[in-house]
Structure formats: structure tokens, C-alpha cells
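Residue numbers (UniProt numbering): 1 to 361. Take a look at the structure set out below.
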Amino acid sequence: MTQRVRAVVARGRGAAVGVETILVPDPGPGEAVVRVQACGVCHTDLHYREGGIDDGFPFLLGHEAAGVVERVGDGVVDLEPGDFVILNWRAVCGTCRACRRGRPWYCFATHNAKRRMTLEDGTELSPALGIGAFAEKTLVHAGQCTKVDPRAEPAVAGLLGCGVMAGLGAAVNTGDVGRGDTVAVIGCGGVGGAAIMGARLAGAARIIAVDIDARKLETATVLGATHTVDAKTTDAVEAIRGLTDGFGADVVIDAVGRPETFKQAFEARDLAGTAVLVGVPTPDMKLELPLIDVFSRGGAVKSSWYGDCLPSRDFPLLIDLYLQGRLDLAAFVTETIPLDGVEDAFARMERGEVLRSVVIL
Numbered sequence: 001m002t003q004r005v006r007a008v009v010a011r012g013r014g015a016a017v018g019v020e021t022i023l024v025p026d027p028g029p030g031e032a033v034v035r036v037q038a039c040g041v042c043h044t045d046l047h048y049r050e051g052g053i054d055d056g057f058p059f060l061l062g063h064e065a066a067g068v069v070e071r072v073g074d075g076v077v078d079l080e081p082g083d084f085v086i087l088n089w090r091a092v093c094g095t096c097r098a099c100r101r102g103r104p105w106y107c108f109a110t111h112n113a114k115r116r117m118t119l120e121d122g123t124e125l126s127p128a129l130g131i132g133a134f135a136e137k138t139l140v141h142a143g144q145c146t147k148v149d150p151r152a153e154p155a156v157a158g159l160l161g162c163g164v165m166a167g168l169g170a171a172v173n174t175g176d177v178g179r180g181d182t183v184a185v186i187g188c189g190g191v192g193g194a195a196i197m198g199a200r201l202a203g204a205a206r207i208i209a210v211d212i213d214a215r216k217l218e219t220a221t222v223l224g225a226t227h228t229v230d231a232k233t234t235d236a237v238e239a240i241r242g243l244t245d246g247f248g249a250d251v252v253i254d255a256v257g258r259p260e261t262f263k264q265a266f267e268a269r270d271l272a273g274t275a276v277l278v279g280v281p282t283p284d285m286k287l288e289l290p291l292i293d294v295f296s297r298g299g300a301v302k303s304s305w306y307g308d309c310l311p312s313r314d315f316p317l318l319i320d321l322y323l324q325g326r327l328d329l330a331a332f333v334t335e336t337i338p339l340d341g342v343e344d345a346f347a348r349m350e351r352g353e354v355l356r357s358v359v360i361l
């Protein structure tokens, strides 16, 4: 039975989003309908609104979410109504060349629901990252639902669905931060803050937070940074070297995703150090580096896809750490807002006033 629910829709490039009625069909084979309880406002949703991802308007926004499974389609065996889940946008296929090599976090053929949600006039919607969770209910592939301990607060749990997992995983999984390492994080918004928290969780001895916003640097200290660098007034590369006996950091994470910040990450790492790009660039951005420096500095230059996470492995583990009081995920929730507050939340996010606004349904 098709259901009518309220949802946030972006109809055109740069246009303000609005709450509209959409139609959610019954789940098909391998699919599930989820009643959304909370969904974080992520910068990726703003990228969709601005046409920075693709031109598939109208978009059903929202993807950083937690909720309760309401219905499942044929063939779904490991999920049932009533399960508390975090939605993920990398439902691994299990059969592509990455999965067959035992690297499912690189899966090249991730699943999405095949049935389409629509506007009331039948216009098909493009759900953000295959999820579309600024909605009272959404339709996803069953593999996009990761069961976690239901004691977790939905507003906190949902953040693992994107930004927090991306940043934390950039440190722990992609950057392979180890005990005693020195880590620098450039850009201390939600993703960068999560990278700082991940570096602390991994046992880094020194964590250097770099930003141009003093408020974000204050928050970075709360999240685990041992040193801060105001890149508005200080050369970030020289400051990082100055805090590391002139050598540079073992791991430098660029959570901004601009050519100038990634060049800083590349130059601020120690010999044989690792530079990790987790901030999302736009298609027009270009990077120029002296090839001799790429060779002579050694080490690794990596991009981090979703924190190189495996949701079925990482989400339950991180929720357990949160419930044990060892991972303060609640620190990322700056405010909770209603469904019709997303457009205003975008403005606050652009002004750097929040780590995360979270829609509560």
C-alpha cells in the first residue's frame, strides 16, 4: 500500500527546499520501508541542493539517519519490522571485484532500492545518496539498514550514517592512526571533528586541529585536539612542523576538500607520512603538485570513501562504545529541529554555527 508522508524536497538548483507530500511505495524484493526518527543535516545535502552532485532534480534530501523498520520486501531474511537501524549509503553487493578480494568497504556496485518514491503527480524523486531521509518514512535497499542497539538515541545514532563515520573512519581506517602518532586535521567542522575524535580513540599522542574559525577550534579541543592552529593568521604547514620538531605529522587529514587545503596536508606530513582526503571537492577543482615531491617524500596519499567503513562491522561497534561512555557522539548534536527547519539549518551550517543540526521526526 502506497503511503503519503511529508518530506523535504529540492526542486531546482539553488532554490530553497520545502516540505512536500511524497508517495512511498511498498518495498520490493530486497527492500525495506523505514520510519525515520532522526536525520542529520549534512553538507552533502546542500551540495545536492546546489547541483554540485548531479542534476537529477527533484531530490529527496537527507541521508544521515536512524529509524525503525516498518516493512520488508520479499527475500529479506536478516531484517524485520521493529528493528532499530542506522541507514547507510554503501550497501555492499558481495560479488564485485572489491568484495571478492575481501575489501567490501571499497564495493563498486552498492545497492539502492529499485522502486521509486514520487511526488503526488507521479514525478520520480532522486533520493540523496540513495536514502532520502528528510522524510517521515523512506524506501531503501535492505542492505542499507544496519541494526544497532536500540538503546542509542536516534539523534546520535543517525550521525554515524555519514559525517561522523566519514571523519572517524578517515583517521582509524584510511589513515591507520596508531598509538603514539601525531595527527593533524585541517577543517574542524563535523567531519574534521569526528577525525579528531577518531585519532584520540586510536591512541594518537598529539592531535593538531587547524581551522580559520576560532569557535571550531574551541570545539576541536573538547573533542580531543591537543593543539590548535588558527590558519587565518598562521601558516598551517609551518605551524604543524613547529609542533612536531620540524618533521611534520604522521597523518594529516584534509576535511575541507579544496586544492589549497590538500596541498597543505601533503606538505605538512612527515617523511613517509600519510595525507588523507576526506573533504569532498567539486568537479571543477584541480590540484598541481611537484612530482618530485610526491616521489621524494614517500608515504601515502589517500582518499577516504565514507571513512572506508563497513557499516555492518563499524556501526554496531561504535554504538557500543557510545553506550559505554567511551565515544561522545552526543557532542556533535548542536541543535534539534523540525522537518521544516532544514533550509534555515543550511544557512547556519554555511556560517559555521553548528556541528550538526538534527531533524527529529
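Backbone N, C-alpha and C define an ideal beta-carbon position, used for all residues, glycine too.
Buried or exposed (CB count within 10 angstroms, at least 16 for buried), residue i
{"i": "ALA199", "result": "buried"}
{"i": "VAL336", "result": "First, the residue type needs correcting, since residue 336 is Thr and not Val in the sequence shown. Its Cβ having fewer than 16 others within 10 Å, THR336 is exposed."}
{"i": "MET349", "result": "buried"}
{"i": "VAL76", "result": "buried"}
{"i": "THR261", "result": "buried"}
{"i": "GLN324", "result": "exposed"}
{"i": "LYS216", "result": "buried"}
{"i": "PHE332", "result": "buried"}
{"i": "THR282", "result": "exposed"}
{"i": "ASP121", "result": "exposed"}
{"i": "PRO290", "result": "exposed"}
{"i": "ILE186", "result": "buried"}
{"i": "ILE22", "result": "buried"}
{"i": "GLY40", "result": "buried"}
{"i": "ASP54", "result": "exposed"}
{"i": "VAL318", "result": "Note that residue 318 corresponds to Leu in the displayed sequence, not to Val. Under this definition LEU318 is a buried residue."}
{"i": "GLY94", "result": "exposed"}
{"i": "PRO127", "result": "buried"}
{"i": "ASP235", "result": "exposed"}
C-beta atoms of residue i and residue j nearer than 9 Å
{"i": "ALA113", "j": "PRO104", "result": "no"}
{"i": "LEU60", "j": "ALA7", "result": "yes"}
{"i": "VAL177", "j": "VAL85", "result": "no"}
{"i": "CYS145", "j": "ASP74", "result": "no"}
{"i": "ARG49", "j": "PHE247", "result": "no"}
{"i": "VAL156", "j": "ALA194", "result": "no"}
{"i": "ARG269", "j": "GLY299", "result": "yes"}
{"i": "ILE196", "j": "ALA214", "result": "no"}
{"i": "ALA209", "j": "ALA171", "result": "no"}
{"i": "VAL5", "j": "ALA66", "result": "no"}
{"i": "HIS43", "j": "VAL280", "result": "yes"}
{"i": "ASP254", "j": "VAL276", "result": "yes"}
{"i": "PRO58", "j": "LEU125", "result": "yes"}
{"i": "ALA152", "j": "TYR322", "result": "yes"}
{"i": "THR274", "j": "LYS302", "result": "yes"}
{"i": "CYS188", "j": "TRP89", "result": "no"}
{"i": "VAL72", "j": "ALA133", "result": "no"}
{"i": "VAL9", "j": "VAL19", "result": "yes"}
{"i": "SER304", "j": "GLY102", "result": "no"}
{"i": "VAL36", "j": "LEU361", "result": "yes"}
{"i": "GLY51", "j": "ARG13", "result": "yes"}
Candidates the options, of which the one nearest residue i by Cα
{"i": "ILE240", "options": "ALA166, ILE207, CYS93, THR174", "result": "ILE207"}
{"i": "SER357", "options": "GLY190, GLY130, LYS263", "result": "GLY190"}
{"i": "GLY224", "options": "GLU238, ALA231, THR182", "result": "THR182"}
{"i": "ARG11", "options": "LEU201, ARG179, LEU119", "result": "LEU119"}
{"i": "VAL256", "options": "ALA133, ALA166, PHE332, LEU79", "result": "ALA166"}
{"i": "LEU159", "options": "LEU327, ALA15, CYS96", "result": "LEU327"}
{"i": "GLN3", "options": "CYS39, LYS137, ALA65, CYS107", "result": "LYS137"}
{"i": "HIS141", "options": "ASP320, LEU291, ILE131, GLU288", "result": "ILE131"}
{"i": "ASP314", "options": "ALA205, ASN173, ILE212", "result": "ASN173"}
{"i": "GLY28", "options": "MET1, ALA16, ILE22", "result": "MET1"}
{"i": "GLY30", "options": "PHE266, GLY143, THR226", "result": "GLY143"}
{"i": "MET285", "options": "PRO150, LYS263, ILE319", "result": "LYS263"}
{"i": "ASP320", "options": "THR123, LEU46, PRO150, ASP26", "result": "PRO150"}
{"i": "ALA231", "options": "LEU271, ILE292, ALA184", "result": "ALA184"}
{"i": "PRO154", "options": "GLY352, GLY14, ARG351, ALA330", "result": "ALA330"}
{"i": "CYS309", "options": "THR234, VAL278, ALA249", "result": "VAL278"}
{"i": "ARG351", "options": "LEU46, ALA249, ASP26, ARG13", "result": "LEU46"}
{"i": "ARG297", "options": "LEU317, PRO316, SER312, ALA265", "result": "ALA265"}
{"i": "PRO311", "options": "TYR106, ALA15, ARG13", "result": "TYR106"}
{"i": "THR233", "options": "LEU287, ASP211, MET117", "result": "ASP211"}
Rounded Cβ spacing between residue i and residue j (contact assumed at less than 8 Å)
{"i": "ARG100", "j": "LEU139", "result": "Going by Cβ atoms, the distance from ARG100 to LEU139 rounds to 29 Å, so no, they are not a contact pair."}
{"i": "ALA91", "j": "THR110", "result": "5 Å"}
{"i": "GLU80", "j": "VAL69", "result": "7 Å"}
{"i": "residue 365", "j": "GLY180", "result": "Past the boundaries of the shown model lies residue 365; the chain is included only from 1 to 361, so the question cannot be answered."}
{"i": "ALA38", "j": "VAL359", "result": "7 Å"}
{"i": "GLU267", "j": "VAL237", "result": "5 Å"}
Practice task
Could you tell me which uninterrupted alpha helix (DSSP H) segments, each at least 4 residues in length, are contained entirely in the region 250-274, listed from first to last along the chain?
Solution key: 259-267
Practice task
Please go through the region 204-244 and give each complete alpha helix (DSSP H) segment of 4 or more residues, from N-terminal end onward.
Solution key: 214-223, 236-242
Handout entry: Length at least 4, wholly inside the region 86-153: the alpha helix (DSSP H) runs in chain order
Key = 97-100
Practice task
Output the residue ranges of the beta strand (DSSP E) runs that lie fully inside the region 2-38 and measure 3 residues or longer, sorted by chain position.
Solution key: If one requires a minimum length of 3 residues, the beta strand (DSSP E) runs lying completely within the region 2-38 are 3-10, 18-24, in chain order.
Exercise for the section: List in chain order: all unbroken beta strand (DSSP E) runs of 3+ residues lying wholly within the region 281-306. Expected result: List check, beta strand (DSSP E) in window: 300-303.
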